[in-house]
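Student:
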Amino acid sequence: MQNQTDSRSLTPDSHTRAEAIWAIALLAGAVALTFLAKGYVLFQGSMLLSYAIALVGLNLLTGYNGQISLGHGAFFAIGAYTAGILMDRAGAPYWLGIPAAGLVCLIVGYAFGRPALKLQGLYLALATFALGVVTPQLLKYKHLEAWTGGVGGIVLSKPNAPFGLPLSDDQWFFLCSLAVAVFMFVIARNLIGSGTGRAMRAIRDHEIAAESMGIDNSHYKSMTFGISAAYTGIGGALSAISVQFVSPDSFTMFLSISLLVGMVVGGVGTLWGSIFGAAFIMFVPSVAESISKDAAWGVYGIVLILFMFVMPGGMMGLIARTRGLLRGFSQAESK
Amino acid sequence: MSSLLEVRGLKASYGATEALHGIDLDVHEGKVTALLGANGAGKTTTLRAICHFQVRTSGSISLRGDRIETRTTEQIAMLGVGHVPDGRGTFLGLTAEENLRLGSHSRRNKNDIAEDLERMYGYFPRLKERWAQQAGTLSGGEQQMLAIARALMARPSLLLLDEPSFGLAPLVVNDIFAILRRIRDEQKVSVLLVEQNAQLALELADSAYLLETGRIVKHGSSEAMRNDDAVRRAYLGE
Amino acid sequence: METFVQQFVSGLSTGGIYASLALALVMIYQATHQVNFAQGEMAMFSTFIAWALIQAGLSYWMAFLATVLIAFVLAALLEFAVIRPMHKAPELSVVVVFIGLLMIFHSAAGWIFGTSIKEFPSPFPKDAWYGGQLISPHQVGSIFVALCIVAALFTFFRFTTLGLTMQAAAQNPASSRLLGINVGRMLMLGWGLAGAIGAAAGMMVAPVVFLDPGMMTGVLIYAFAGALIGGIDNPVGAIVGGFLVGVLENLIGTYLVGTELKLSVALVLIVVVLIVRPAGLLGRRIVQRV
Chain Z
437 MQNQTDSRSL TPDSHTRAEA IWAIALLAGA VALTFLAKGY VLFQGSMLLS YAIALVGLNL
497 LTGYNGQISL GHGAFFAIGA YTAGILMDRA GAPYWLGIPA AGLVCLIVGY AFGRPALKLQ
557 GLYLALATFA LGVVTPQLLK YKHLEAWTGG VGGIVLSKPN APFGLPLSDD QWFFLCSLAV
617 AVFMFVIARN LIGSGTGRAM RAIRDHEIAA ESMGIDNSHY KSMTFGISAA YTGIGGALSA
677 ISVQFVSPDS FTMFLSISLL VGMVVGGVGT LWGSIFGAAF IMFVPSVAES ISKDAAWGVY
737 GIVLILFMFV MPGGMMGLIA RTRGLLRGFS QAESK
Chain P
4 MSSLLEVRGL KASYGATEAL HGIDLDVHEG KVTALLGANG AGKTTTLRAI CHFQVRTSGS
64 ISLRGDRIET RTTEQIAMLG VGHVPDGRGT FLGLTAEENL RLGSHSRRNK NDIAEDLERM
124 YGYFPRLKER WAQQAGTLSG GEQQMLAIAR ALMARPSLLL LDEPSFGLAP LVVNDIFAIL
184 RRIRDEQKVS VLLVEQNAQL ALELADSAYL LETGRIVKHG SSEAMRNDDA VRRAYLGE
Chain Y
9 METFVQQFVS GLSTGGIYAS LALALVMIYQ ATHQVNFAQG EMAMFSTFIA WALIQAGLSY
69 WMAFLATVLI AFVLAALLEF AVIRPMHKAP ELSVVVVFIG LLMIFHSAAG WIFGTSIKEF
129 PSPFPKDAWY GGQLISPHQV GSIFVALCIV AALFTFFRFT TLGLTMQAAA QNPASSRLLG
189 INVGRMLMLG WGLAGAIGAA AGMMVAPVVF LDPGMMTGVL IYAFAGALIG GIDNPVGAIV
249 GGFLVGVLEN LIGTYLVGTE LKLSVALVLI VVVLIVRPAG LLGRRIVQRV
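Right, here's the structure in full:
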């Protein structure tokens, strides 16, 4: 019986080939976009990519490792602020700031992950929920103002294209974000397909059984937390540079819940879903806002509940089902 | 002799697996009927099927002439069927007396309830001692007594007893069965007793059914069953 | 010294609100082993309903009563329509649904009633007859309301059959069904009570912090902390925990970290309790004899 979650080892070759074709097509399209689209569209593109990377982070933790986090906005914030502080206060270049953000979040995530080991599902959700609510308050803390810029935040500037390349800031940064996204996606893909990934999923599916099979749960769970935080932190760093600004009010509970929504819409436990999810959380709020100020909350709420009842696999689940249906049709026809 | 409970062609399944393949069964008014069989024969399934609890059923089940197989578990309980489940089903976090009062939760007459409570304490003095103790701290035997008393607090007309001897020391089991004998003599309740311990069951019961992998293979009076060679060899260790 | 007493007493007053909300959380947890993340927003929404009723001309206590009833019904319906269908779903799905409810209530309040900050009346007189230096009448009133809720629930669960069957249904649904107890109805009742309590808590908070959709988010975190400290499955613990958190919040906020970080204190409390003593101070561990 095929294990649906073990996509790498048991997928028929046609599936991997189709995926590769889609990946190349998307990549080509994105590169083309760089030269065809206006600056604002490219800005949105960078933002989408940063959210997508952040969502991959959340998915690794919750979708693939089964640990529920309702406060991942905190790591997004830490990544953004790390990049902001390094770039503005310490004058570091962006190509140091972004990996640094990832590293800091890796450490913080791992440090958070070790005590969090003791927290079973619901309790972890509770603790991360509290974290998500408290994050803006922590960011506004008086005694950290020298670093964080307090309520006013930090202003950043988008980097110029290097070597005098004929690219605008927006174009260059979009390409950077694209490169980072591809890189992070490939790593995630390999991670999931590897022994580590199988261990992660084993822990998600049945912790006790995993432990009895010799998997060191504590190690894998904290490690996953760290990696997840790193991904989300890098997403945060990219978004900070895109927006050219970080402030506490960008990192409220709404952000943490947006990440949750993005993961659910895309499909929990999928990588490609992160792109759908990112698109969703980028564009839906602005549309909703035109109806009423907090309408986005309501839309998210309805989407969350609807998806749990009707489409628990998210967009990727829908696609998989459709593909299965189509395959069924073509098989029936060929008989 | 009227049939309190009449079961005809009862099939029961857990999901796709059929556990009972069409059984016929009668429990007569005021009598103790035993349902014997080895592990996995379907005895607990039969009791659950009667209560329409956690199984899908087909066939007919009549209580005092009224068909009940399509009713819900709760409705069947309210019609006077008291089910003492395997594993006792104790409310571990509540006190012993609270467990008993749960049995009588649907009854209105406070005096009658108080009377029955005293009567139960009369049958099970150990429970009276421990009335305010958390039920989870009671011993296995005490929890079994508690479960039986709890069911009786509802003044059921049919008592379904699932393996009262399970996991208990022989002395305790003898105690419990002695009390069951008293209850049989004094209360107006009919009993369907599921037991792996055929010896004990046949001593208490008036008639018995033998269940093997979902089918009734033998039935008759306890006397007849006790003297049956096949039963003796397989279940009475003779 | 005066500041200390003031902060302590003020802490008791907010603690009473935390205790009430924590109680609602624990009730739902006991019955379903689920954490109602939407408890705060439900309470906030109910408070908005009260506000609307008062705007429409009802007297305070009429509005209070009506709101408590409406909140009861609303919560019970929610259990039936949204939560119960999910009872066999994986934990993540259930959590997601709760968050979804949180979001919906939050935006519905703003959409229906407007997002501007509103004043909410207190039923208690502004001036204290006892010289309100240390504690305002509203604070006394809040503590009183909290204690009334606690007393009422205690009586209900200890001395009524319905309270007993509700506990039974929460602890052991299978055995309850065999006794003829309608577990579904008990769940609705439990949710209804939690919703009603939340509404009362919201109406006690609103006069102090003013009514707006974000009113209860912080309160919920404190209530979580209180419930966890007391033991998430222990109603008495919830009350003790709630009052404790209220006092600690105020004292730590005044003397240690300053008011801006008070909520972070709650976060730390939550994390520490969960790691060091997940059962809480008074968490009841049910003894099982094999």
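Chains as they are written, first to last, in my numbering: chain Z, 437 to 771; chain P, 4 to 241; chain Y, 9 to 298. Ideal placement from N, C-alpha and C gives every residue a C-beta, glycine not left out.
#1: Since I believe L207 of chain P is in contact with L183 of chain P (beta carbons under 8 angstroms), could you give me their beta-carbon distance rounded to a whole number of angstroms?
#2: In whole angstroms, give me the CA-to-CA distance for S613 of chain Z and L20 of chain Y.
#3: From T140 of chain P to A39 of chain Y, what does the alpha carbon distance come to, in whole angstroms?
#4: Residues of the region 76-105 of chain P with a CB closer than 7 angstroms to any CB of chain Y: list them in chain order, please.
#5: Pick helix, strand or coil for T36 of chain P, following the three-state DSSP scheme.
#6: May I ask you to list, following chain order, the residues of the region 484-503 of chain Z that have a beta carbon less than 8 angstroms from some beta carbon of chain Y?
#7: Would a check of beta-carbon distances place H108 of chain P closer than 7 angstroms to chain Y?
#8: Pull the bridge partners of V84 of chain P from the DSSP assignment, please.
#9: Out of Z:W458, Z:Q573, Z:R757, which one is the CA nearest neighbour of G586 of chain Z?
#10: Does chain P have any CB closer than 7 angstroms to the CB of N44 of chain Y?
#11: Quick check on the DSSP output: what are the complete alpha helix (DSSP H) runs of length 4 or more inside the region 601-652 of chain Z, in order along the chain?
#12: Is the CB of W59 of chain Y under 7 angstroms away from at least one CB in chain Z?
#13: With burial defined as no fewer than 16 other Cβ atoms inside 10 Å of the residue's Cβ, what is the status of L446 of chain Z: buried or exposed?
#14: What residues are listed by DSSP as bridge partners for S193 of chain P?
#15: List, in chain order, every chain Y residue whose beta-carbon is nearer than 9 angstroms to that of F56 of chain P.
#16: So, at 7 angstroms on beta carbons, what are the nonlocal neighbours of S728 of chain Z in its own chain, with the 5 sequence-adjacent residues on each side left out?
#17: Please state whether the Cβ-Cβ distance between A207 of chain Y and A79 of chain Y is less than 7 angstroms.
#18: Within the same chain, show all residues whose beta-carbon is closer than 6 angstroms to that of K221 of chain P, passing over the 5 residues directly before and after it, in chain order.
#19: Comparing alpha-carbon positions, which option in P:E100, P:T48, P:V30 lies nearest T216 of chain P?
#20: Is the distance from the Cβ of F712 of chain Z to the Cβ of M747 of chain Z below 7 angstroms?
#21: When you compare the region 93-110 of chain P with the region 56-66 of chain P, are there three or more beta-carbon pairs, one atom per stretch, that lie closer than 8 angstroms?
#22: Just to make sure I have the definition right: I need the residues of chain Y whose C-beta is within less than 9 angstroms of the C-beta of I693 of chain Z. Which are they?
#23: Pull up the CB-CB distance for L120 of chain P and L103 of chain P, whole angstroms please, since I reckon it's below 8 angstroms.
#24: What whole-angstrom Cβ distance do V216 of chain Y and L29 of chain Y have, given they're in contact under 8 angstroms?
#25: Near C541 of chain Z, what residues of its chain come up, given a Cβ to Cβ distance below 6 angstroms and the 5 sequence neighbours on each side ignored?
#26: Between the alpha carbons of K578 of chain Z and S683 of chain Z, how many angstroms are there, rounded?
#27: Around the Cβ of Q440 of chain Z, are there at least 16 other Cβ atoms within 10 angstroms (buried) or fewer (exposed)?
#28: In terms of residues, what are the limits of the beta strand (DSSP E) holding D27 of chain P?
#29: I'd like the list of long-range same chain contacts for F218 of chain Y, defined as Cβ closer than 6 angstroms, with 5 residues on each side in sequence excluded.
#30: With a cut-off of 8 angstroms on the beta carbons, I'd call K34 of chain P and D209 of chain P a contact; round off their distance for me.
#31: Could you list which residues in chain Y have their beta carbon closer than 8 angstroms to that of A157 of chain P, in chain order?
#32: Taking 6 angstroms as the cut-off, is the CB of L20 of chain Y close to at least one heavy atom of the ligand HEM?
#33: Under a three-way DSSP split, which group does H222 of chain P fall into?
#34: Can you name, in chain order, every residue of its own chain whose Cβ lies under 6 angstroms from the Cβ of S648 of chain Z, other than the five neighbours on each side?
#35: Any Cβ of chain Z within less than 7 angstroms of the Cβ of E87 of chain Y?
#36: Please work out which residues of its chain come closer than 7 angstroms, Cβ to Cβ, to V735 of chain Z, disregarding the five sequence neighbours upstream and downstream, and give them in chain order.
Tutor: The structure says:
#1: The sequence position of residue 183 of chain P within the second sequence is 180, counting from 1. The sequence position of residue 207 of chain P within the second sequence is 204, counting from 1. Going by Cβ atoms, the distance from L183 of chain P to L207 of chain P rounds to 6 angstroms, so yes, they are a contact pair.
#2: Counting from one through the first sequence, the residue named residue 613 of chain Z turns up at place 177. Counting from one through the third sequence, the residue named residue 20 of chain Y turns up at place 12. Rounded to whole angstroms, S613 of chain Z to L20 of chain Y spans 51 angstroms at the Cα level.
#3: Translated into positions along the second sequence, residue 140 of chain P becomes position 137. Translated into positions along the third sequence, residue 39 of chain Y becomes position 31. Going from the Cα of T140 of chain P to the Cα of A39 of chain Y covers about 22 angstroms.
#4: T76, E77, A80, M81, H86, P88, G92, F94, L95, G96, L97, E101, R104, L105
#5: In the second sequence, counting from the first residue as 1, residue 36 of chain P sits at position 33. Reduced to three states, the DSSP call for T36 of chain P is strand.
#6: T498, G502
#7: Here residue 108 of chain P corresponds to residue number 105 of the second sequence, with the count starting at 1. H108 of chain P counts as touching chain Y.
#8: Residue numbering aside, residue 84 of chain P sits at position 81 when the second sequence is read from its first letter. In DSSP, V84 of chain P forms a bridge with P:L161.
#9: Position 150 of the first sequence, counting from 1, holds the residue named residue 586 of chain Z. Closest by alpha carbon: Z:Q573.
#10: Against the third sequence, residue 44 of chain Y aligns to sequence position 36. For N44 of chain Y, the answer is no, since every Cβ of chain P falls outside 7 angstroms of its Cβ.
#11: 605-629, 631-641, 643-648
#12: The residue given as residue 59 of chain Y occupies position 51 in the third sequence. Taking Cβ atoms only, chain Z never reaches closer than 7 angstroms to W59 of chain Y, which makes this a no.
#13: If you number the first sequence from 1, residue 446 of chain Z lands on position 10. Here L446 of chain Z scores only 48 on pLDDT, less than 50, and its place in the model should not be relied on; the value that follows carries that caveat. Answer is exposed; the Cβ neighbour count stays below 16.
#14: The residue given as residue 193 of chain P occupies position 190 in the second sequence. In the DSSP output, where bridge partners are listed per residue, S193 of chain P has P:L161.
#15: To locate residue 56 of chain P, count along the second sequence from 1; it is residue 53. The contacting residues are A182, R185, L186.
#16: Within the first sequence, the letter at position 292 stands for residue 728 of chain Z. Same-chain partners within the cutoff: there are none.
#17: On the third sequence, position 199 is the one that residue 207 of chain Y refers to. On the third sequence, position 71 is the one that residue 79 of chain Y refers to. A contact, by the Cβ cut-off of 7 angstroms.
#18: In the second sequence, the residue the question calls residue 221 of chain P occupies position 218. Counting only Cβ-Cβ distances below 6 angstroms, and skipping sequence neighbours, we find L213.
#19: As a first step, residue 216 of chain P must be located in the second sequence, where it is residue number 213. T216 of chain P has its Cα closest to that of P:T48, out of P:E100, P:T48, P:V30.
#20: On the first sequence, residue 712 of chain Z is found 276 positions in, with the first residue counted as 1. On the first sequence, residue 747 of chain Z is found 311 positions in, with the first residue counted as 1. Cβ atoms of F712 of chain Z and M747 of chain Z: not closer than 7 angstroms.
#21: no
#22: If you number the first sequence from 1, residue 693 of chain Z lands on position 257. Residues of chain Y passing the Cβ test: I107, L110, M111.
#23: If you number the second sequence from 1, residue 120 of chain P lands on position 117. If you number the second sequence from 1, residue 103 of chain P lands on position 100. 6 angstroms between Cβ atoms; contact.
#24: Taking the first residue of the third sequence as 1, we reach residue 216 of chain Y at position 208. Taking the first residue of the third sequence as 1, we reach residue 29 of chain Y at position 21. Not a contact, Cβ separation roughly 14 angstroms.
#25: As a position in the first sequence, residue 541 of chain Z is number 105, starting the count at 1. Taken in chain order, the residues that qualify are F511, I514, G515, A665, A666, G669.
#26: As a working mapping, residue 578 of chain Z is identified with position 142 in the first sequence. As a working mapping, residue 683 of chain Z is identified with position 247 in the first sequence. Cα to Cα, K578 of chain Z sits roughly 14 angstroms from S683 of chain Z.
#27: Numbered from 1 along the first sequence, position 4 holds the residue referred to as residue 440 of chain Z. At Q440 of chain Z the pLDDT is 44, less than 50, meaning the model places this residue with poor confidence; the figure from the coordinates comes in the next sentence. Answer is exposed; the Cβ neighbour count stays below 16.
#28: The residue labelled residue 27 of chain P in the question sits at position 24 within the second sequence. Here the beta strand (DSSP E) through D27 of chain P covers 20-31.
#29: On the third sequence, position 210 is the one that residue 218 of chain Y refers to. Result list for F218 of chain Y: I125, in chain order.
#30: Working through the second sequence from its first residue, we reach residue 34 of chain P at position 31. Working through the second sequence from its first residue, we reach residue 209 of chain P at position 206. Yes, they are in contact, since the Cβ atoms of K34 of chain P and D209 of chain P sit about 4 angstroms apart, within 8 angstroms.
#31: Start at 1 with the first residue of the second sequence, and residue 157 of chain P comes out as number 154. Within chain Y, the residues near A157 of chain P are L187, G188.
#32: By its list of ligands, the structure shown contains no ligand whatsoever, and the ligand HEM lies outside what it can speak to.
#33: Translated into positions along the second sequence, residue 222 of chain P becomes position 219. DSSP places H222 of chain P in strand when its eight states are reduced to three.
#34: Here the question's residue 648 of chain Z lines up with position 212 in the first sequence. Nothing listed; no residue qualifies.
#35: The residue labelled residue 87 of chain Y in the question sits at position 79 within the third sequence. No, E87 of chain Y lies away from the interface with chain Z (no Cβ there is under 7 angstroms from its Cβ).
#36: Your numbering for residue 735 of chain Z matches position 299 in the first sequence. If we look at V735 of chain Z and ignore the five residues flanking it on each side, its Cβ neighbours are V720, A724.
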